[in-house]
Amino acid sequence: MEENKILEKSVLCADTVSLIIFSPVIASKAKAGQFVVVRASEEGERIPLTIAESDAAAGTINLTILKRGKTSSLLCSLNKGDYITDVAGPLGIPSEIEKFGTVCIIGGGVGIAPTVPIIKAMKEAGNYVISIIGARNCSGLIFEDTIKKYSDQYHVCTDDGSMGYKGFVSGFLSQYLKENPGKKPDRVVAIGPVLMMKAVCDVTGPGGIKTIVSLNPIMVDGTGMCGSCRVEVDGKTRFGCVDGPEFDGHLVDFGLLNSRLNIYCDEEKVSNEKYMEKHECKMKI
Amino acid sequence: MQNENLKPARKKIPRNKIAEQQPASRIKNFSEVELGFTTEQALLESERCLMCKKPKCTDGCPVEIDIKGFIELIKEKRFSEALEKIREKNTMPGICGRVCPQEDQCEKTCILGIKNEPVAIGKLERFLADYGIKNSKNNSQGDTGLKNNNSKKIKAAVIGAGPAGLTCAGELAKMGYAVTLFEALHKEGGVLVYGIPEFRLPKSIVEGEVEYVKSLGVEIKLNSIVGKTYTIDEILESGYSSIFIATGAGLPYFLGIPGENLNGVYSANEYLTRVNLMKGYLFPAWDTPVKKASIVSVIGGGNVALDSARTAKRLGAEKVYLIYRRSEVEMPGRIEEIKHAREEGIEMVFLTNPVEIKGENGWIKKITCIRMELGEPDESGRRRPVKIPGSEYDIDTGIAVIAIGQGANPVLTQTSPDIGLNKWGNIIADDIGKTNKKGVFAGGDIVTGAATVILAMGAGKVAARAMDNYMKTGVW
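Here it is as structure tokens:
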């Protein structure tokens, strides 16, 4: 079997796709919290994608992608049997996994995917795992079965209330902490949109609950060579790719992260429009 | 010897000027600035060589090319043989002919240069390399034979497909080793593809050199980050008898001043990687974008700073400042690149250092700079720049590129804590590349800190010989 071949594709919801990729070396090395850098074509950009699941025995990794810009759309359009041009990794520092006691793991939107290996690893390390996942609506709640299987408590939130708690994961967490004052988690791990991670940190800050967030800054090489992924943590400049992607959420400058994520907004629009045009033309033919 | 009769006229031939794209047109494209010698020019230039009995030029060359030897062959129009003469010592003449700082090396020691201008050795080297590409059929015959002779099957690994790694891998393959070259990026070439711009070193030249190394039987594994995908110990355990680490200077330095993380502030590594490796200048045909602005400020005085400034100009900037804390004489950049940059309208702002970057809504707007004066010489022998109190002023700018140097990237060494490092994180290796870890050699920028392409190639070559000796004898 050849490297970087897509062995399976599943459409998890309207705009989120899981690709199972044959990548035996990365699969044998990948630890919870790590990511790969991929290119979807010869002219493609390099983008980081967190590894959702890896299976060393089968030699596969799962990349779960939200269709957003050109590169993610291109990746989502690939099918079983296709190849991903380049996959490099595993990169980044793995999640800190040990027996902390009670660990609350929160995933929002496509950020649910990278919580899966962390939930598994935290459970296997002997923690009491409370999983909270959130999405816009019930169709966005992905990896439910796996997460349920490895969690002691499992909660879902939807913005529209179509399933579980109506509202954001941070709102649910706040309510949960109030209702269970004796069960303060020893650690919270939150992965998802910047605003979600910030909101979770705002909830856990006053109680002093250590909260780890996984940052998704723009990267080029992913190996510490360019500094595109600069973030500020505790007032110091760190590289998301080699010093992270996980950091203490209470020390992260989320405003800066958000600002830097929007550097190429205009260019992304140009790229996306061009891609859509081409895509629609093809559809017409 | 048949040229004896030309002797009296020789010195009167002025140094041949290489044809160049004119500044006004070249700042609108990324094509190569220098167009190369014509055959006539190369022949005429070769006549300038004094054919010294004890040539000093070779002493100035880090890889000791027989310069007199190849120039003599040019004179006799034996271009293929002249190229082979260079290749005896340097497998990448197309690259060195373009990017070596000849003024500090071979041409500096050229006897003709004492009273006149030295022989244009670099341009002749480039001429031969280009000749070789144009006539590549004649050129690759010897290589196939080498590949088939590869029967020893002793495995050697090289980490990093930049100038040092490619050279070392090529040398080892020629000696008959089964060589695997691990490269972290999706393309081979290292700094030659991500750092040096197309207009100074066309990527087709680098691809040609990579193909040559491949033709010697070297197996290249791309997207393989040693330290992450594999560790040094895993490579040793999987049957490689020796390893050469040549991971380069892949860690950008920042100024450490307020505002440096504002949008629009780039490290030179990022700026150049986006443009060169990722072909950002072809956006949106290629996907990777790079920001453009009408005013761009580049901080630094070396070749990387000059490359960044000239790149900004080609991306459409009206004004490009090169802000350097020392004066022109201390600039580490090649004289030729400084000249080219000036011709292209890059404005040099000497004795000036940024102290703060100011922004609005997250984007850079101004750089506050302070004027400097030169004080006593520092450890580098250059006069130390000293701040002039109260001389701060603002420079409006849309983009800033920080090109103040690169350090050692720790991704590999973090997972090999048993390899000795100096206080800057560079691997400690002796003059043949030996590290403190048995079987492991290192060379190029990861050992020396950011230096030149030719020094890295030289280190790759020296290490290959030492590795050969180690693998043959087992003596460490």
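Sequence lines, in order, name chains F and C. Residues in the first sequence are numbered consecutively from 1, following the working numbering. Residues in the second sequence are numbered consecutively from 1001, following the working numbering. Built from N, CA and C at the ideal position, the CB exists for glycine as well.
| task | Using a Cβ cut-off of 7 Å, pull out every chain C residue sitting near G44 of chain F, in sequence order please. | result | Against the first sequence, residue 44 of chain F aligns to sequence position 44. Contact annotation for G44 of chain F against chain C: D1287 [CB-CB distance below 7 Å, chain order].
| task | Give me the Cβ distance between I218 of chain F and I263 of chain F, rounded to the nearest whole Å; I'm assuming they're in contact under 8 Å. | result | Here residue 218 of chain F refers to the residue found at position 218 of the first sequence. Here residue 263 of chain F refers to the residue found at position 263 of the first sequence. Confirmed, about 7 Å.
| task | Put M196 of chain F into one of helix, strand or coil per three-state DSSP. | result | If you number the first sequence from 1, residue 196 of chain F lands on position 196. In this structure, M196 of chain F counts as helix in the three-state DSSP scheme.
| task | Determine the contact status of G1248 of chain C and G1160 of chain C, defining contact as a CB-CB distance below 8 Å. | result | Sequence index remark: in the second sequence, residue 1248 of chain C carries index 248 (1-based). Sequence index remark: in the second sequence, residue 1160 of chain C carries index 160 (1-based). Yes.
| request: Could you work out which residues of chain C lie near C226 of chain F, taking near to mean beta carbons separated by less than 7 Å? | output: By one-based count along the first sequence, residue 226 of chain F stands at place 226. The contacting residues are P1252, S1267, N1269, E1270, T1273.
| Closer than 8 Å, CB to CB, is A88 of chain F near chain C or not? | Numbered from 1 along the first sequence, position 88 holds the residue referred to as residue 88 of chain F. Interface annotation, A88 of chain F: in contact with chain C, CB-CB separation under 8 Å.
| field | Near-chain F residues of the region 1347-1363 of chain C (beta-carbon distance less than 9 Å), N- to C-terminal order | value | So the list reads N1361, G1362, W1363, given in the order they occur along the chain.
| said: I need the DSSP call for I118 of chain F, collapsed to helix, strand or coil. | reply: Position 118 of the first sequence, counting from 1, holds the residue named residue 118 of chain F. For I118 of chain F, the three-state secondary structure derived from DSSP is helix.
| request: Check whether the Cβ atoms of I6 of chain F and I26 of chain F lie closer than 8 Å to each other. | output: The count along the first sequence starts at 1 and reaches residue 6 of chain F at position 6. The count along the first sequence starts at 1 and reaches residue 26 of chain F at position 26. Their beta carbons are not under 8 Å apart, which means I6 of chain F does not touch I26 of chain F by this criterion.
| task | Return no unless some Cβ of chain F is closer than 8 Å to the Cβ of T1229 of chain C. | result | Within the second sequence, numbered from 1, the residue matching residue 1229 of chain C stands at position 229. It does: the Cβ of T1229 of chain C has a partner Cβ on chain F nearer than 8 Å.
| request: Please report how far the alpha carbon of V1099 of chain C lies from the alpha carbon of K80 of chain F, in whole angstroms. | output: Counting from 1 along the second sequence, the entry for residue 1099 of chain C is found at position 99. Counting from 1 along the first sequence, the entry for residue 80 of chain F is found at position 80. Distance between the alpha carbons of V1099 of chain C and K80 of chain F is about 45 Å.
| In chain order, what residues of the same chain lie with their CB nearer than 8 Å to the CB of T1413 of chain C, ignoring the 5 residues before and after it? | Position 413 of the second sequence, counted from the start, is the residue given in the question as residue 1413 of chain C. So the list reads G1227, I1419, L1421, G1425, I1427, once near-sequence residues are dropped.
| task | Measure the beta-carbon distance from V129 of chain F to Y150 of chain F and round it to whole angstroms, keeping in mind my assumption that it falls under 8 Å. | result | Along the first sequence, one-based indexing puts residue 129 of chain F at 129. Along the first sequence, one-based indexing puts residue 150 of chain F at 150. Yes, they are in contact, since the Cβ atoms of V129 of chain F and Y150 of chain F sit about 7 Å apart, within 8 Å.
| What residues in the region 56-73 of chain F bring their beta carbon closer than 8 Å to a beta carbon of chain C? | For the region 56-73 of chain F, the set of positions with a beta-carbon nearer than 8 Å to some beta-carbon of chain C reads K70, T71 in chain order.
| message | Considering Cα atoms alone, identify which of C:L1262, C:K1153, C:L1166 is closest to I1399 of chain C. | response | What you label residue 1399 of chain C is simply residue 399 of the second sequence in a count that begins at 1. The candidate whose alpha carbon is nearest that of I1399 of chain C is C:L1262.
| task | Give the DSSP-derived three-state secondary structure of N1148 of chain C in the structure shown. | result | Along the second sequence, one-based indexing puts residue 1148 of chain C at 148. The pLDDT assigned to N1148 of chain C is 45, lower than 50, so where the model puts this residue is not dependable; a value taken from the coordinates is nonetheless given after this. In this structure, N1148 of chain C counts as helix in the three-state DSSP scheme.
| task | Report yes or no: is there a C-beta of chain C within less than 8 Å of the C-beta of E232 of chain F? | result | Looking up residue 232 of chain F in the first sequence gives position 232. Chain C contact via Cβ: present.
| Between the beta-carbon of A1042 of chain C and the beta-carbon of I1074 of chain C, is there less than 8 Å? | Reading the second sequence from its first residue, position 42 is the one you call residue 1042 of chain C. Reading the second sequence from its first residue, position 74 is the one you call residue 1074 of chain C. Closer than 8 Å, so yes.
| query | To which residues does DSSP link A1309 of chain C through a beta bridge? | reply | The residue you call residue 1309 of chain C lines up with position 309 of the second sequence. A1309 of chain C is bridged by DSSP to nothing; it lacks a bridge partner.
| field | Beta-carbon proximity of K1221 of chain C to T1180 of chain C, cut-off 8 Å | value | As a working mapping, residue 1221 of chain C is identified with position 221 in the second sequence. As a working mapping, residue 1180 of chain C is identified with position 180 in the second sequence. Judged by beta-carbon spacing, T1180 of chain C lies within the 8 Å limit of K1221 of chain C, meaning their Cβ atoms are closer than that value.
| task | Note down, one range per segment and in chain order, each alpha helix (DSSP H) of at least 4 residues found wholly within the region 1127-1214 of chain C. | result | Counting only runs of 4 or more, we get 1136-1139, 1141-1148, 1163-1174, 1191-1194.
| field | For D243 of chain F, the residue or residues it bridges with in DSSP | value | Against the first sequence, residue 243 of chain F aligns to sequence position 243. Beta-bridge partners of D243 of chain F (DSSP): none assigned.
| message | Relative to the C-alpha of K1366 of chain C, which candidate in C:Y1281, C:E1379, C:E1392, C:E1344 has its C-alpha closest? | response | Counted from its first residue, the second sequence places residue 1366 of chain C at position 366. Checked all of C:Y1281, C:E1379, C:E1392, C:E1344; the closest Cα to K1366 of chain C is C:E1392.
| Between the Cα of E1188 of chain C and the Cα atoms of C:A1157, C:E1260, C:R1325, C:N1223, which residue gives the shortest distance? | To locate residue 1188 of chain C, count along the second sequence from 1; it is residue 188. Looking only at C:A1157, C:E1260, C:R1325, C:N1223, the smallest Cα-Cα distance to E1188 of chain C is reached by C:N1223.
| task | Spatial neighbours of V1296 of chain C within its chain, please: CB distance less than 6 Å, with the 5 preceding and 5 following residues excluded, ordered by chain position. | result | One-based indexing of the second sequence puts residue 1296 of chain C at position 296. So the qualifying residues of the chain are A1312, A1317, V1320, I1399.
| Contact list for I29 of chain F against chain C, beta-carbon separation under 8 Å | Taking the first residue of the first sequence as position 1, residue 29 of chain F is located at position 29. Per the sequence shown, residue 29 of chain F should be read as Lys rather than Ile. By Cβ distance, chain C contributes K1228, T1229.
| task | Could you confirm whether any beta carbon from chain F is found closer than 8 Å to the beta carbon of K1472 of chain C? | result | Within the second sequence, residue 1472 of chain C is the residue found at index 472, counting from 1. With 8 Å as the cut-off, K1472 of chain C does not count as an interface residue toward chain F.
| query | Given a threshold of 16 other Cβ atoms within 10 Å of its Cβ, counted over all protein chains shown, does T115 of chain F qualify as buried or as exposed? | reply | For the purposes of this step, residue 115 of chain F is taken as residue 115 along the first sequence, with counting starting at 1. Under this definition T115 of chain F is a buried residue.
| DSSP state of T1352 of chain C mapped onto helix, strand, coil | Reading the second sequence from its first residue, position 352 is the one you call residue 1352 of chain C. The answer is strand: DSSP assigns T1352 of chain C an E or B state.
| For F1244 of chain C, the residue or residues it bridges with in DSSP | The residue labelled residue 1244 of chain C in the question sits at position 244 within the second sequence. The partner list for F1244 of chain C (beta bridge, DSSP) reads C:V1158, C:F1441.
| G1142 of chain C: buried (16+ other C-beta within 10 angstroms of its C-beta) or exposed? | The residue labelled residue 1142 of chain C in the question sits at position 142 within the second sequence. Low confidence applies here, because G1142 of chain C scores a pLDDT of 45, under 50, leaving its location unreliable; read the following figure in that light. Around the beta carbon of G1142 of chain C, a 10 Å sphere encloses fewer than 16 other beta carbons of the protein chains shown; the residue is thus reported as exposed.
| said: Nearest by alpha-carbon distance to Q34 of chain F: which of F:C157, F:E43, F:A52, F:A40 is it? | reply: Residue mapping note: residue 34 of chain F aligns to position 34 of the first sequence, counting from 1. Nearest in C-alpha terms to Q34 of chain F, of all of F:C157, F:E43, F:A52, F:A40, is F:A52.
| query | Does DSSP classify E232 of chain F as helix, strand or coil? | reply | The count along the first sequence starts at 1 and reaches residue 232 of chain F at position 232. Of the three classes helix, strand and coil, the one that applies to E232 of chain F here is strand, per DSSP.
| request: Anything in chain C within Cβ reach of R39 of chain F, meaning under 8 Å, just list it in chain order. | output: Locating residue 39 of chain F in the first sequence gives position 39, where the first residue counts as 1. Going along chain C in sequence order, the residues near R39 of chain F (Cβ under 8 Å) are H1186.
| message | Within 8 Å of any Cβ in chain A, is that where the Cβ of K1366 of chain C sits? | response | In the structure shown, chain A cannot be found, because the protein chains are F and C.
| request: Kindly indicate which residue of C:G1176, C:G1162, C:S1308, C:I1196 has the alpha-carbon position closest to the one of E1183 of chain C. | output: For the purposes of this step, residue 1183 of chain C is taken as residue 183 along the second sequence, with counting starting at 1. Taking the Cα of E1183 of chain C as reference, the smallest distance to any Cα among C:G1176, C:G1162, C:S1308, C:I1196 is reached at C:G1162.
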